[in-house]
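Residue numbers (this note's numbering), protein chains in the order written: chain A, 16 to 349; chain C, 5 to 283.
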């Protein structure tokens with residue numbers, strides 16, 4: 016049963032990968048002409064050393080996706096290339112491949128978004144749980160409304176404001192990039208501190224916005240859970256307040272939150288594209304922005320594919336793990 | 005009405021914030037020449053003054069005029085995409101949730117898979133593919149192409165609970181057919197919920213459109229809020245200290261999002277009165 020469940024989830028994952036590849040193939044061709052070909056030809060006409068390489072790309076592209084080939088054959092070639100993670104060369108950074116560029120940007124994004132997501136989840140869930148609790152301290156009533164208001168604001172807008180306040184006016188933190196220009200990426204204290212200083216503002220703008228959402232979700236679940244009969248029963252038994260709070264209420268209310276957390280972790284590659292753009296943070300988002308600016312179709316398609324596959328994969332892992340977190344859900348089909 | 009708003013402060017705050025926006029646009033239309041929102045129509049990079057209340061940007065737009073012209077454009081994108089999304093979503097949700105069967109499986113499957121995929125990226129691929137200058141209305145259609153996913157799923161789950169209610173059962177027994185039940189029994193009861201969904205969808209559509217615009221995929225000619233923010237980023241206005249260039253668009257975008265957010269909270273309270281007992 017368990018194996019069948021995992022197999023079915025894996026089939027959904029494969030379906031998502033296939034859909035992502037097809038989307039990449041068909042959407043640009045919908046307009047009738049192939050924008051990739053147009054861009055490549057335009058680049059090749061410029062001439063120069065790099066352009067010699069681009070001309071080879073045009074030749075190869077024509078050989079693979081030429082107009083003489085039927086559409087289904089082009090499609091098969093494309094899907095085949097993509098599943099081998101071969102996204103071709105980047106047009107705007109010619110001698111480098113799309114795969115290399117993405118591999119370079121991934122750790123930055125995963126580091127920034129992974130940490131901020133976990134951090135805001137922890138704080139938000141904690142605040143939300145306390146807020147639903149009748150014995151919560153008074154000051155919480157004043158913390159929550161601003162957090163909820165912040166929750167309605169897009170990350171990057173807050174980022175712009177924070178950037179102005181802390182980087183431009185107060186000059187406390189660096190304004191741009193992932194590390195100081197000239198600093199050689201290496202594992203030593205000064206570089207790590209440099210990276211942390213650069214990540215503080217982007218991280219802050221994400222955490223401040225996201226925390227309110229987690230608190231809101233947790234509070235809602237807590238209110239529902241606290242109305243359950245078993246909580247009344249626990250109170251009647253005279254259990255310690257902290258036991259009722261942690262073991263009876265939080266333990267049950269946190270389950271939907273963990274689902275949401277897993278979904279949020281799946282979104283980390285695409286969650287803060289604009290924050291990265293605003294702060295020039297060297298992650299996937301900034302790479303995507305550069306690709307759009309330079310009209311680098313191979314890079315755009317590679318990034319979109321990578322992000323969707325990463326997301327499908329996280330969802331798959333979550334589906335496999337979830338019955339373990341919540342024993343009420345079994346691997347069997349309901 | 006007023007007495008109700010007193011009991012539902014979130015809705016009141018939401019309506020108030022959006023009303024400020026409407027008044028700003030209306031008064032602005034009277035005071036300014038929309039032509040000044042085009043580049044090269046006024047001197048560049050002037051600080052706010054009596055002649056230019058919000059200052060001017062580097063390309064020589066009067067930012068006050070740009071805001072007055074651009075805010076309705078951004079709202080238009082949001083409303084076109086939001087209304088299309090909720091309409092399509094409602095139809096699909098009723099087809100799926102009321103009639104069930106294989107159609108339900110297909111619609112639910114598409115919506116579920118579509119929702120796991122990050123919308124902004126798909127929109128980017130679409131916008132890049134149809135390049136060659138989007139107009140504001142095309143922009144709205146691009147955003148609408150994904151705006152139906154969320155409404156479909158949430159409304160469908162509402163339909164599923166509604167169809168088991170007693171009054172729907174009674175209507176069925178008294179010989180009403182499917183469309184009659186949907187239009188005369190279920191939709192009237194769902195209206196507050198549909199309202200909240202619409203406000204949500206509009207807000208999401210505006211967020212998506214601003215996202216595309218800041219990435220440079222928007223209508224380059226139009227002074228929408230997102231395009232102004234794109235030029236702010238493009239010209240590094242913050243680092244250069246041109247504070248007046250970004251304060252106005254950010255303030256207006258904040259007003260839009262906060263207004264819509266408080267309105268959803270307020271409408272939620274109408275749609276789901278059980279929320280009232282907490283906070």
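Backbone N, C-alpha and C fix where the C-beta goes; we use that ideal spot for every residue, glycine too.
Rounded to a whole number of angstroms, what is the C-alpha to C-alpha distance between residue 218 (chain C) and residue 245 (chain A)? One C-alpha to the other measures close to 51 Å.
As a quick exercise: from A:311, A:336, A:228 and A:141, pick the residue whose alpha carbon is nearest that of residue 265 (chain A). With distances taken between Cα atoms, residue 265 (chain A) lies closest to A:141.
Taking Cβ-Cβ distances shorter than 8 Å, what residues in chain C pair up with residue 352 (chain A)? This structure cannot settle anything about residue 352 (chain A), because the visible part of chain A is limited to 16 through 349.
Could you name the residues of the region 252 to 279 of chain C whose beta carbon sits closer than 7 Å to any beta carbon of chain A, in the order they occur along the chain? Sequence-ordered contacts of the region 252 to 279 of chain C with chain A read 254, 257, 258, 261, 262 and 265 [C-beta pairs closer than 7 Å].
From this set, C:83, C:42, C:53 and C:94, which residue's C-alpha is nearest residue 65 (chain C)'s C-alpha? Minimum Cα distance to residue 65 (chain C) is reached at C:42.
Residue 84 (chain C): buried (16+ other C-beta within 10 angstroms of its C-beta) or exposed? With 16 or more Cβ atoms within 10 Å of its Cβ, residue 84 (chain C) is classed as buried.
By a C-beta neighbour count over all protein chains shown, 10 Å radius and 16 as the cutoff for buried, is residue 283 (chain C) buried or exposed? For residue 283 (chain C), the pLDDT reaches just 41, beneath the cut-off of 50, and the residue's location in the model is therefore unreliable, although a value from the coordinates is still provided. With fewer than 16 other Cβ atoms within 10 Å, it is exposed.
To be precise: take each residue of the region 114 to 137 of chain C, compare its Cβ to all Cβ atoms of chain A, and keep it if any distance is under 8 Å. Which residues remain? The residues in question are 117, 120, 121, 122, 124, 125, 126, 128, 129, 130, 132, 133, 134 and 135.
Return the CA-CA distance between residue 24 (chain C) and residue 269 (chain C), expressed in angstroms with no decimal places. For residue 24 (chain C) and residue 269 (chain C), the distance between alpha carbons rounds to 19 Å.
Strand pairing of residue 104 (chain A), partner residues [DSSP]: Answer by DSSP bridge pairing, in chain order: A:112.
Expressed to the nearest angstrom, what Euclidean distance is found between the alpha-carbon atoms of residue 157 (chain A) and residue 151 (chain A)? So the two alpha carbons sit approximately 12 Å from each other.
So, for residue 62 (chain C): in the same chain, excluding its five sequence neighbours on each side, which residues have a beta-carbon less than 6 Å away from its beta-carbon? For residue 62 (chain C), same chain residues with a beta-carbon under 6 Å away, outside a window of 5 residues either side, are 48, 49 and 239 in chain order.
In its own chain, which residues sit with a C-beta less than 6 Å from the C-beta of residue 331 (chain A), not counting the 5 before and 5 after it? Cβ neighbours of residue 331 (chain A) beyond the five flanking positions: 24 and 28.
Helix, strand or coil for residue 92 (chain A), going by three-state DSSP, please let me know. Correct three-state label for residue 92 (chain A): helix.
Do you know how far the Cα of residue 71 (chain C) is from the Cα of residue 180 (chain A)? Roughly 23 Å between the two C-alpha positions.
Within 10 angstroms of the Cβ of residue 316 (chain A), are there 16 or more other Cβ atoms? Answer buried if so, exposed if not. Using a 10 angstroms sphere on the CB of residue 316 (chain A), the tally of other CB atoms reaches 16 or more, which defines it as buried.
Mind checking the region 200 to 228 of chain A against chain C and listing, in chain order, the residues whose C-beta falls within less than 9 Å of any C-beta there? Hits within the stretch: zero.
Chain A contact residues for residue 249 (chain C), given Cβ-Cβ distances below 8 Å: Going along chain A, no residue has its Cβ under 8 Å from residue 249 (chain C), so there is no contact; the nearest lies around 11 Å.
Would you decide whether residue 87 (chain A) is buried or exposed? Buried here means 16 or more other CB atoms lie within 10 Å of its CB. Residue burial is scored here from C-beta neighbours: residue 87 (chain A) has fewer than 16 other C-beta atoms within 10 angstroms and is therefore classed as exposed.
Where does residue 228 (chain C) sit, in a helix, a strand or coil, going by DSSP? Looking at residue 228 (chain C) - three-state DSSP - the assignment turns out to be coil, as it is neither helix nor strand.
Looking only at its own chain, which residues have a Cβ that is under 6 Å from the Cβ of residue 270 (chain A), when we skip the five neighbours before and after it? Annotation for residue 270 (chain A): 341 place their beta carbon closer than 6 Å to its own, counting only its chain and skipping 5 residues before and after.
Please report whether the beta-carbon of residue 233 (chain C) lies at a distance below 9 Å from any beta-carbon of chain A. By this cut-off, residue 233 (chain C) is an interface position.
Under the three-state DSSP convention, the category residue 36 (chain C) falls into: The answer is coil: DSSP assigns residue 36 (chain C) none of H, G, I, E or B.
Cβ-heavy atom distance between residue 165 (chain C) and the ligand SAH below 8 Å? Absence of the ligand SAH from the depicted structure is noted, as is the absence of any ligand whatsoever, leaving it without description.
Using a Cβ-Cβ cutoff of 8 Å, what residues of the region 12 to 42 of chain C are near chain A? List them in chain order. Correct list: empty, as no residue qualifies.
Residue 116 (chain C) in three-state terms, based on DSSP: Note: residue 116 (chain C) maps to helix in three-state DSSP.
CB-CB length for residue 216 (chain A) against residue 134 (chain A), believed under 8 Å: 15 Å between Cβ atoms; not a contact.
Residue closest to residue 148 (chain A), alpha-carbon to alpha-carbon, out of A:178, A:230, A:278 and A:51: Among A:178, A:230, A:278 and A:51, the Cα nearest to that of residue 148 (chain A) belongs to A:230.
Kindly identify the DSSP beta-bridge partner or partners of residue 66 (chain C). Paired residues: C:60.
Neighbour flag for residue 175 (chain A) against chain C, beta carbons, 9 Å: Residue 175 (chain A) counts as touching chain C.
Helix, strand or coil for residue 243 (chain C) per DSSP? If DSSP states are grouped into helix, strand and coil, residue 243 (chain C) belongs with coil.
Opening and closing residue of the alpha helix (DSSP H) in which residue 241 (chain A) lies: Taken as a continuous stretch (DSSP letters only), the alpha helix (DSSP H) holding residue 241 (chain A) covers 204 to 241.
Is residue 10 (chain C) close to chain A? Criterion is C-beta to C-beta, closer than 9 Å. Taking Cβ atoms only, chain A never reaches closer than 9 Å to residue 10 (chain C), which makes this a no.
Coil, strand or helix - residue 281 (chain C) by DSSP: Only weak support exists for where residue 281 (chain C) lies, its pLDDT of 46 falling under 50; the coordinates are left without a value.
Can you list the residues of chain C that residue 330 (chain A) reaches, using a CB-CB cut of under 9 Å? Under the 9 Å cutoff, chain C gives 120.
Go ahead and pull the three-state DSSP assignment for residue 77 (chain A). Residue 77 (chain A): helix per DSSP, three-state reduction.
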